[in-house]
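Student: Attaching a single structure in structure tokens format; questions to follow.
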Amino acid sequence: MTQHIHYETAPQDRIPFIHKVIYGFGAFVNNLLAAAIGGMVIVLNLGLGMNPALVGLLAALPRLTDAITDPIMGYISDHTRSRWGRRRPYIFVGAIVVAIVFVLLWQLPAGKSESYYFWYFLIGSFVFYLAYTMYATPWVALGYELTPDYHERTRLMGVQNFMGQFAYMVAPWFLFIMQYEAWFDNMVEGAAGLSIAIAVVVLAIGILPAIFLVERFKDAESNEAGSGSKLPRRKIILENIKDFLKGFATTLKFTPFLKLCAATFLVFNGFILIASFQSYVIIYYVFGGDTVEGAKFVGYSGTLGTICTFLVIMFVTWISTKIGKRHTFFLATGISVLGYGLKWFCYNPDLPWLLLLPAPLMAFGLGGLFTLMPSMIADIVDYDELQTHERREGMYGSIFWWVVKLGMAAALAAGGFLLNTTGFDVALGANQTEDAIFLMRLYDVLVPVICSLIAIWVISTYEITEEKAHVIREQLEARRGTT
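Per my numbering, the sequence shown starts with residue -3, numbered consecutively.
Below, the structure written as structure tokens:
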């Protein structure tokens, strides 16, 4: 192992803590909207009686457009030139638009047909996700450029990841709130009222990054084909399309970036793929089919994991400034592998409380992943600029998070098929076969362990160390004539 070279963060490269918090508000808004629309969609089934299959389609179909809209929004943001910058206008307007659309989405009129509700919500969801992309993609890109420092980027992403976790603490209460009889007459009315409250929060704090944060590259030069030209409008449009496709292809061919995407896909979706298995193993193996007691311990484990994620983010942020991002990824992912492995021994019918032991260790997986990866992508953007003379924060951010969303959708779908291969039969209740129980336990452990170990191998070949990032920065600043 080569000796690690450490560079201290210069005072001028530090982001004031209050600015980190303001950027973190964007993470809270981002996660709150994602959790809200995913958790509240159950109203269509329980409150309006819609077929669950149609509800599933409504949850999945609008996300397919992200493959197109996310990179396009990234390109638009990268190539915007305005007195307010490349990102801030979209963040400001996007927060307002997405808040309004979210409220309208849940004002579901009474007494309509299932077909009416399906098309109302489907069309509304497409509009919502367009507004969501308008806000989220520039916000992600803004974070990549707030500081040029290798370690300060990790501190920033640690703060935003920490703040974003709070959304997942409040989201599980949404179903309770919508059914709370003291406030609402029914669940549909509850969804309409809750959407207003969520929109107020989104609007109030979502615009703050646009108001208070300063872009470093708002006047950045680009090789935009039509910039400053007097070409006919049709040719300008064609040139921009060609430029978008070229930038998209360049991003997808950039090997260091593909390694980050692959590692993220493996760690995140290795977890998502077996997310439901943990509940099945706890209920049907540890508690012998007792769904009430099993669900209680599923809740205990989930709550403990969420609390520990906050601590993991702080630890990962700190240790990364000492040993670098790549080695921290090895450490955090390795600890999560240990946690997944311990499930084989700690999920014990004779000692049920032992099942809480792996939860803090498994929290290192996702807690470390979404602290380190955004920081590493910021380094990727610099490396790409050194080679291409263009900055593509928006394009890199949009493609990275689209890979995450695509993988999550695929993993959630594949998880059901994987469960079927175990031979699990809900009709058997507590009388599942020994083979089914064994395979559920095996998948619950091996799938995330294998995926995480492959991810460690992928990142072992990742080339941007702290020393290399420092050299890239020096070369860029010399070329720009800045310090």
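Built from N, CA and C at the ideal position, the CB exists for glycine as well. Since this is a predicted model, take the numbers as computed values, not measurements.
Could you say which of 369, 356, 63, 41 lies nearest to residue 140 if we only look at CA atoms?
Tutor: As a position in the sequence shown, residue 140 is number 144, starting the count at 1. The residue with the shortest Cα to Cα distance from residue 140 is 369.
Student: Of the residues 310, 474, 304, 333, which one's Cα is nearest the Cα of residue 382?
Tutor: Here residue 382 refers to the residue found at position 386 of the sequence shown. Residue 474 is the option with its Cα nearest to residue 382.
Student: Does DSSP classify residue 76 as helix, strand or coil?
Tutor: Indexing the sequence shown from 1 puts residue 76 at position 80. Residue 76 falls in the coil class under three-state DSSP.
Student: Under 8 Å between C-beta atoms, does residue 455 make it to chain B?
Tutor: Protein chain content of the structure displayed is limited to a single chain, and chain B is not contained in it.
Student: Which residues mark the beginning and the end of the alpha helix (DSSP H) in which residue 431 is found?
Tutor: Indexing the sequence shown from 1 puts residue 431 at position 435. Segment 430 to 456, the alpha helix (DSSP H) holding residue 431.
Student: What residue range is occupied by the uninterrupted alpha helix (DSSP H) comprising residue 340?
Tutor: As a first step, residue 340 must be located in the sequence shown, where it is residue number 344. Where residue 340 is concerned, the enclosing alpha helix (DSSP H) stretches over 321 to 342.
Student: I need the straight-line Cα distance from residue 309 to residue 379, nearest angstrom please.
Tutor: As a first step, residue 309 is located in the sequence shown; it is residue number 313 there, counting from the start. As a first step, residue 379 is located in the sequence shown; it is residue number 383 there, counting from the start. Using only the alpha carbons, I get a separation of about 26 Å.
Student: Is the CB-CB distance between residue 330 and residue 71 below 8 Å?
Tutor: The residue labelled residue 330 in the question sits at position 334 within the sequence shown. The residue labelled residue 71 in the question sits at position 75 within the sequence shown. No; because the gap between Cβ atoms is not below 8 Å, this pair is not in contact.
Student: Nearest by alpha-carbon distance to residue 430: which of 263, 423, 418, 343 is it?
Tutor: The count along the sequence shown starts at 1 and reaches residue 430 at position 434. Closest option to residue 430, Cα to Cα, is 418.
Student: So, with DSSP's three-state summary, where would you put residue 416?
Tutor: Position 420 of the sequence shown holds residue 416. Correct three-state label for residue 416: helix.
Student: May I have the straight-line CA-CA distance separating residue 119 from residue 392, to the nearest angstrom?
Tutor: One-based indexing of the sequence shown puts residue 119 at position 123. One-based indexing of the sequence shown puts residue 392 at position 396. Cα to Cα, residue 119 sits roughly 28 Å from residue 392.
Student: Quick check on the DSSP output: the alpha helix (DSSP H) that includes residue 151 runs from which residue to which?
Tutor: The count along the sequence shown starts at 1 and reaches residue 151 at position 155. Residues 146 to 166.
Student: Identify which residue in 402, 58, 94, 281 has its Cα closest to the Cα of residue 436.
Tutor: Against the sequence shown, residue 436 aligns to sequence position 440. Considering only alpha carbons, the answer is 281.
Student: I need the straight-line Cα distance from residue 171 to residue 39, nearest angstrom please.
Tutor: Here residue 171 refers to the residue found at position 175 when the sequence shown is read from its first residue. Here residue 39 refers to the residue found at position 43 when the sequence shown is read from its first residue. Rounded to whole angstroms, residue 171 to residue 39 spans 9 Å at the Cα level.
Student: Any idea what DSSP makes of residue 185, helix, strand or coil?
Tutor: Along the sequence shown, read from residue 1 onward, the residue named residue 185 stands at position 189. Reduced to three states, the DSSP call for residue 185 is helix.
Student: Please report the straight-line C-alpha distance between residue 288 and residue 22, rounded to a whole angstrom.
Tutor: Indexing the sequence shown from 1 puts residue 288 at position 292. Indexing the sequence shown from 1 puts residue 22 at position 26. Answer to the nearest angstrom: the Cα atoms are 37 Å apart.
Student: Please report the distance separating the alpha-carbon of residue 274 from that of residue 161.
Tutor: Counting from one through the sequence shown, the residue named residue 274 turns up at place 278. Counting from one through the sequence shown, the residue named residue 161 turns up at place 165. In a straight line, the C-alpha of residue 274 is about 21 Å away from that of residue 161.
Student: With distances taken between CB atoms, is the gap from residue 54 to residue 117 smaller than 8 Å?
Tutor: By 1-based counting over the sequence shown, the position of residue 54 is 58. By 1-based counting over the sequence shown, the position of residue 117 is 121. Against a cut-off of 8 Å, the Cβ pair of residue 117 and residue 54 comes out as a contact.
Student: Check residue 310 in the structure and name its three-state DSSP category.
Tutor: Numbered from 1 along the sequence shown, position 314 holds the residue referred to as residue 310. Correct three-state label for residue 310: helix.
Student: Please report the distance separating the alpha-carbon of residue 397 from that of residue 45.
Tutor: To locate residue 397, count along the sequence shown from 1; it is residue 401. To locate residue 45, count along the sequence shown from 1; it is residue 49. Going from the Cα of residue 397 to the Cα of residue 45 covers about 33 Å.
Student: Taking the alpha-carbon of residue 192 as reference, which of 137, 173, 375 has the nearest alpha-carbon?
Tutor: Your numbering for residue 192 matches position 196 in the sequence shown. Per the Cα distances, 173.
Student: Would you kindly work out how many angstroms separate the C-alpha atoms of residue 338 and residue 133, rounded to a whole number?
Tutor: Counted from its first residue, the sequence shown places residue 338 at position 342. Counted from its first residue, the sequence shown places residue 133 at position 137. Roughly 38 Å between the two C-alpha positions.
Student: Measuring alpha carbon to alpha carbon, tell me which of 169, 427, 25 ends up nearest residue 91.
Tutor: For this step, residue 91 is matched to residue 95 along the sequence shown. Among 169, 427, 25, the Cα nearest to that of residue 91 belongs to 25.
Student: Taking DSSP as the reference, what is the three-state secondary structure of residue 6?
Tutor: On the sequence shown, position 10 is the one that residue 6 refers to. In the structure shown, residue 6 sits in coil (DSSP, three-state: anything other than H, G, I, E or B).
Student: Quick check for students: name the residue ranges of the beta strand (DSSP E) that lie wholly in the segment 336 to 414, counting only runs of 3 or more.
Tutor: Segments of the beta strand (DSSP E) lying fully in the segment 336 to 414: there are none.
Student: Here's a check: name, in chain order, each residue in its chain whose Cβ is nearer than 8 Å to the Cβ of residue 480, leaving out the five neighbours to either side.
Tutor: Outside the modelled stretch of the chain, which goes from -3 to 479, sits residue 480, for which no answer is possible.
Student: Quick check on residue 247: does DSSP put it in helix, strand or coil?
Tutor: In the sequence shown, residue 247 corresponds to position 251, counting from 1. In this structure, residue 247 counts as helix in the three-state DSSP scheme.
Student: Is it buried or exposed, residue 11, if we count other Cβ atoms within 10 angstroms and call 16 or more buried?
Tutor: On the sequence shown, residue 11 is found 15 positions in, with the first residue counted as 1. With 16 or more other Cβ atoms within 10 Å, it is buried.
Student: Whole-angstrom Cβ separation of residue 17 and residue 159, contact assumed at under 8 Å?
Tutor: Start at 1 with the first residue of the sequence shown, and residue 17 comes out as number 21. Start at 1 with the first residue of the sequence shown, and residue 159 comes out as number 163. Yes, they are in contact, since the Cβ atoms of residue 17 and residue 159 sit about 7 Å apart, within 8 Å.
Student: For residue 219, count neighbouring C-beta atoms within 10 Å of its own C-beta (all shown protein chains included) and say buried if the count is 16 or more, exposed if not.
Tutor: Residue 219 sits at position 223 when you count from the first residue of the sequence shown. In this predicted model, residue 219 has a pLDDT of only 40, less than 50, meaning its place in the structure is not dependable; the value taken from the coordinates is given anyway. By the 10 Å Cβ count, residue 219 comes out exposed.
Student: Mind checking which residues open and close the alpha helix (DSSP H) that includes residue 207?
Tutor: What you label residue 207 is simply residue 211 of the sequence shown in a count that begins at 1. It spans 204 to 208 - the alpha helix (DSSP H) in which residue 207 sits, taken as one unbroken run.
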